[in-house]
Amino acid sequence: MGLIAGAKAPAQAQDASASFANIIVDREGPVFTICPIYALPDTAVASATELRYELTIEQVGISTARSRQSGSFVPEPGRTDTLSTVRIGGPADRLHIHLLVRRGDQIVEEVEEIVQDEDLSMPE
């Protein structure tokens with residue numbers, strides 16, 4: 044079962060033609076799977092503009108570990124793109140996840156979320 048760790052502000056999410064970025068965090072035993080996604084609604088105007096994403100994950104526990112990924116993609120209306128899949132193992136008191144989507148130098152979407160230990164606890 045996935046925990047949606049980040050979402051757009053409600054005022055922004057109300058625009059049905061707006062893009063949407065999100066981060067899904069799933070836990071299976073000691074392993075966390077983090078999937079940033081980007082979606083364009085069916086009503087969006089298609090444009091073959093390439094976007095670039097940057098994903099940074101900081102895992103804080105007994106020690107601190109950082110993971111960075113980036114890449115490019117071309118979104119299409121009505122499609123949700125999974126931008127990356129990151130698996131992190133080991134205990135964590137906190138995950139700090141930051142997703143940035145750009146069109147050239149312009150920031151299109153930004154999601155930043157801190158997932159605390161109580162959000163990450165294993166089901167009993």
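When you line the sequence shown up against this note's numbering, it's residues 44 to 167, in that order. Cβ coordinates follow ideal geometry from the N, Cα and C atoms, glycine included.
Leu98 and Leu126 look like a contact to me (Cβ under 8 Å); what is the Cβ gap, rounded to whole Å? 7 Å
Cβ of Pro118 within 8 Å of Cβ of Leu143? no
Are the CB atoms of Arg169 and Val74 nearer to each other than 8 Å? Lying before the first or after the last residue shown, residue 169 is absent from the chain, which here runs from 44 to 167.
With 16 other CB atoms within 10 Å as the buried threshold, where does Glu71 fall? exposed
Cβ pair Ile140, Val151 closer than 8 Å: no
Ala109, DSSP secondary structure in three states: Contrary to the premise, residue 109 reads as Arg rather than Ala in this sequence. Here Arg109 sits in strand by DSSP.
Could you compute how far the alpha carbon of Ile100 sits from the alpha carbon of Asp85? 30 Å
8 Å contact criterion, which Asn65 and Ile80 should meet: CB distance rounded: 5 Å
CA-to-CA distance, Thr128 to Met44, given in whole angstroms: Residue placement at Met44 is flagged as unreliable, the pLDDT there being 43, under the threshold of 50; the coordinate-derived value follows with that caveat. The alpha-carbon atoms of Met44 and Thr128 are separated by roughly 15 Å.
Through-space distance from Ala61 to Gln55, alpha-carbon basis: Caution applies to Gln55, whose pLDDT of 42 falls short of 50 and renders its modelled position unreliable; the model cannot decide the point.
Give the secondary structure of Ser115 by DSSP, where H, G and I count as helix, E and B as strand, and everything else as coil. strand
Thr107 beta carbon less than 8 Å from that of Arg146: no
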